[in-house]
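In this note's numbering, the protein residues as written are 4 to 142.
Every residue, glycine too, gets a C-beta built ideally from N, C-alpha and C.
Since the structure is predicted, the reported quantities are computational estimates derived from the model, not experimental observations.
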């Protein structure tokens with residue numbers, strides 16, 4: 004999904020609602036753009052430190068699922084460095100490692116694709132240089 008053009012009315016985000024519950028429901032519905040807005044509002048709202056860390060972690064997840072890995076990585080790094088982050092710090096470190104491995108594997112895959120293209124081109128060149136058996140037997 005990409006960030007939708009829909010947005011949560013500011014009045015709703017400023018009202019005394021359960022920002023986390025709203026965001027969690029939007030996330031579960033795969034409305035990641037709207038969930039991102041709601042989680043960001045929750046981070047700024049008067050919520051417990053645990054709820055703020057959960058919302059921050061989910062902000063990173065929303066960015067990742069919206070195809071914005073650089074912003075997701077920035078959020079995960081911030082959480083990974085939180086001494087009091089507990090499970091959210093741990094999960095953030097796991098996601099950072101996973102994203103790094105994915106990036107390395109993608110680079111290796113591109114190298115292999117390049118090598119395969121070169122090998123195909125070389126094989127095609129050899130096919131064109133090799134005389135066919137039928138042309139050898141004809142006078």
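Going by CA-CA distance only, name the one from the options that's closest to residue i.
i, options, result
"residue 59", "111, 23, 28", "23"
"residue 80", "120, 20, 62, 131", "62"
"residue 77", "103, 89, 115", "103"
"residue 33", "72, 132, 65", "65"
"residue 73", "106, 50, 47, 110", "106"
Quick check on DSSP: helix, strand or coil for residue i?
i, result
"residue 23", "helix"
"residue 106", "helix"
"residue 28", "helix"
"residue 81", "helix"
"residue 34", "coil"
"residue 5", "Confidence in residue 5 is poor, its pLDDT being 43 and thus under 50, which makes the residue's placement unreliable; the coordinate value appears in the next sentence. Coil at residue 5, not helix or strand."
"residue 71", "coil"
"residue 86", "coil"
"residue 10", "coil"
Could you give the first and the last residue of the continuous alpha helix (DSSP H) run that contains residue i?
i, result
"residue 62", "52–68"
"residue 48", "Segment: none, residue 48 is in no alpha helix (DSSP H) and carries neither H nor E."
For a quick check, are the C-beta atoms of residue i and residue j less than 8 Å apart?
i, j, result
"residue 91", "residue 82", "yes"
"residue 45", "residue 54", "yes"
"residue 75", "residue 67", "yes"
"residue 41", "residue 11", "yes"
"residue 84", "residue 56", "no"
"residue 35", "residue 69", "yes"
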